[in-house]
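J.: According to this note's numbering, the residues represented by the sequence shown are 161 to 450, in order.
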Amino acid sequence: MNRTAGIKPGRIALYVALTVGSLLMLAPFIWMVLTALKAPNEVGVFTWLPTEYHWENFAEAMKIAPFLNYFRNSFIIAIGETAVTLAVCTMAGYALAKLPLRGAKSLLNYFIVLLMVPFQIILVPLFLIVKSMPLFGGNDILGQGGTGWLDSWWGLIIPLAAGPMYTFLARQFYVSLPSELADAARMDGVGEFGIFLKVMTPLIKPALVTIFVFQVEGAWNAFLWPLMITNTDEIRPLQLGLAIFSQDQSDVLWPYLMAGTALATLPMIILFIFAQKRFVEGMASAGLKG
């Protein structure tokens with residue numbers, strides 16, 4: 161049987177479009193890695209391949225600034241934000257989906273509206289709230305006189321933890337679970353928090369993995385908010401550390417900058433490889449549940 165006889169022109173066009181799209185998506189990443197291997201005098205002229213591969217650029221880039229500290233800080237921020245997000249958003253999503261809350265539909269609509277609000281709009285109010293946090297950073301009970309959560313782990317982690325998108329995603333998965341499971345657990349004497357934690361939440365693993373991947377990626381790549389509230393290298397994340405290579409706009413250290421960026425991207429690639437199955441399952445299922 162001739163297999164090529166069954167191949168339709170539409171499928172060929174689809175494969176071509178997907179291949180072109182994939183190459184367009186990969187091109188910046190490939191250019192980044194190849195630029196990281198070039199000599200400084202080669203980046204002035206656009207060429208794909210370096211004349212000589214300088215692998216030592218990766219080691220040199222790590223020596224210019226305390227990048228181990230930056231990696232550690234980004235790791236702490238990503239884990240802290242993700243832990244708070246998983247705890248808060250799953251509880252909120254469960255409450256919206258399964259508890260008899262008055263005004264639950266209005267609350268859900270409120271979360272959906274929040275999805276449309278760009279982060280830049282709330283940036284200044286969020287900064288003022290963090291600066292005026294009572295009893296932190298020398299502030300009095302009214303939030304005056306000090307710096308609040310500015311330049312602190314609290315200020316880096318708490319304001320960006322949780323979010324309407326993750327609450328909405330968790331709610332969509334809880335809605336799909338049969339309420340009979342919760343009713344049976346109640347008849348066995350399990351409390352409401354036990355039902356949430358031991359019965360319902362283990363059944364939404366794809367949603368948990370999806371929230372985990374999105375939040376870790378967002379925290380790892382955060383730049384604007386850490387730039388606004390940090391003053392020292394002690395708690396600055398990796399993305400701010402990379403800016404050291406471009407402080408002089410007339411002499412940007414492109415090979416070192418691309419080497420540092422490639423190393424910063426590596427943890428996210430590894431994370432996606434390990435979580436790919438559950439992540440794709442979660443994204444595919446989220447839009448099918450009412």
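Ideal Cβ positions, reconstructed from N, Cα and C, are used throughout, including at glycine.
Do Leu288 and Trp385 have their C-beta atoms within less than 8 Å of each other?
T.: Contact flag unset, no.
J.: Excluding sequence positions up to five away, which residues of its chain have a Cβ less than 8 Å from the Cβ of Ile395?
T.: Within the same chain, Ile395 has close Cβ partners Asn233, Asp311, Ser312, Trp313, Leu316.
J.: Using only the heavy atoms of the ligand ZN, determine whether one of them is closer than 7 Å to the beta carbon of Gly170.
T.: This structure does not include the ligand ZN; it has no bound ligands of any sort.
J.: How many Å lie between Phe235 and Leu228 at the Cα?
T.: Spanning the two alpha carbons is a distance of roughly 11 Å.
J.: For the alpha helix (DSSP H) containing Ala322, name the first residue and the last one.
T.: No alpha helix (DSSP H) contains Ala322, which DSSP labels as neither H nor E.
J.: Answer yes or no: do Glu222 and Thr421 have a C-beta to C-beta separation smaller than 8 Å?
T.: Checking the sequence, you will find Met at residue 222 rather than Glu. Against a cut-off of 8 Å, the Cβ pair of Thr421 and Met222 comes out as no contact.
J.: Could you tell me the boundaries of the alpha helix (DSSP H) in which Ile343 lies?
T.: The identity of residue 343 in the sequence shown is Asp, whereas the question assumes Ile. Residues 339-347.
J.: Just to confirm my understanding: we take Phe333, look at its own chain, exclude 5 residues before and 5 after, and list those with CB closer than 6 Å. What are they?
T.: Hits under 6 Å: Ile364, Ala367.
J.: According to DSSP, simplified to helix, strand and coil, what is Ala293?
T.: In the sequence as presented, Ala is not what sits at residue 293; that position holds Met. In this structure, Met293 counts as coil in the three-state DSSP scheme.
J.: For Phe328, which option in Asp343, Ile272, Pro362, Phe372 has the closest C-alpha, if you only look at C-alpha atoms?
T.: Closest option to Phe328, Cα to Cα, is Ile272.
J.: Run through the region 189-259 for me and flag every whole alpha helix (DSSP H) of 4 or more residues, listed as ranges in chain order.
T.: Listed in chain order, they are 216-224, 227-258.
J.: Under the assumption that Leu341 contacts Val369 (Cβ atoms under 8 Å), give the Cβ distance between them as a whole number of angstroms.
T.: At roughly 21 Å, the Cβ-Cβ gap does not stay under 8 Å, so Leu341 and Val369 are not in contact.
J.: Output the boundary residues of the alpha helix (DSSP H) element that contains Ala403.
T.: Run containing Ala403: none; DSSP gives neither H nor E here.
J.: Let's test the definition: count the other Cβ atoms within 10 Å of the Cβ of Pro415 and tell me whether it reaches 16, buried, or not, exposed.
T.: By the 10 Å Cβ count, Pro415 comes out buried.
J.: Can you list the alpha helix (DSSP H) stretches of 4 or more residues lying completely in the region 369-428, in chain order?
T.: The region 369-428 contains these whole alpha helix (DSSP H) runs: 384-389, 398-402.
J.: Would you identify the three-state DSSP class for Arg331, choosing helix, strand or coil?
T.: Arg331 falls in the helix class under three-state DSSP.
J.: Using 8 Å for Cβ pairs, my map puts Glu241 next to Ala379. What's the rounded Cβ distance?
T.: About 4 Å; that satisfies the 8 Å criterion.
J.: May I ask which residues mark the beginning and end of the alpha helix (DSSP H) holding Val359?
T.: Careful: Val359 lies outside any alpha helix (DSSP H) and carries neither H nor E.
J.: State the Cα-Cα distance for the pair Lys168 and Leu178, rounded to the nearest angstrom.
T.: Looking at the two C-alpha atoms, the distance is approximately 16 Å.
J.: Kindly give me the distance between the Cβ atoms of Ala247 and Leu256, rounded to whole angstroms, as I take these residues to be in contact under 8 Å.
T.: With 8 Å as the limit, Ala247 and Leu256 do not qualify as a contact, their Cβ atoms being about 15 Å apart.
J.: Here's the rule I'm using: 16 or more other beta-carbon atoms within 10 Å means buried, otherwise exposed. How should Arg331 be labelled?
T.: Classification of Arg331: buried, given that the 10 Å Cβ count is 16 or more.
J.: DSSP three-state label for Pro285, please.
T.: Of the three classes helix, strand and coil, the one that applies to Pro285 here is helix, per DSSP.
J.: Could you check how far apart the C-beta atoms of Lys291 and Gly308 are, in whole angstroms? I think they sit under 8 Å.
T.: Their Cβ separation, rounded to whole angstroms, is 5 Å, which keeps Lys291 and Gly308 in contact under 8 Å.
J.: Near Leu274, what residues of its chain come up, given a Cβ to Cβ distance below 6 Å and the 5 sequence neighbours on each side ignored?
T.: Here the set comprises Pro324.
J.: State the DSSP-derived secondary structure class of Val440, mapped to helix, strand or coil.
T.: Of the three classes helix, strand and coil, the one that applies to Val440 here is helix, per DSSP.
J.: At what residues does the alpha helix (DSSP H) containing Phe279 begin and finish?
T.: Careful: Phe279 lies outside any alpha helix (DSSP H) and carries neither H nor E.
J.: Along the chain, where does the alpha helix (DSSP H) containing Asn269 start, and where does it finish?
T.: First-last of the alpha helix (DSSP H) with Asn269: 264-274.
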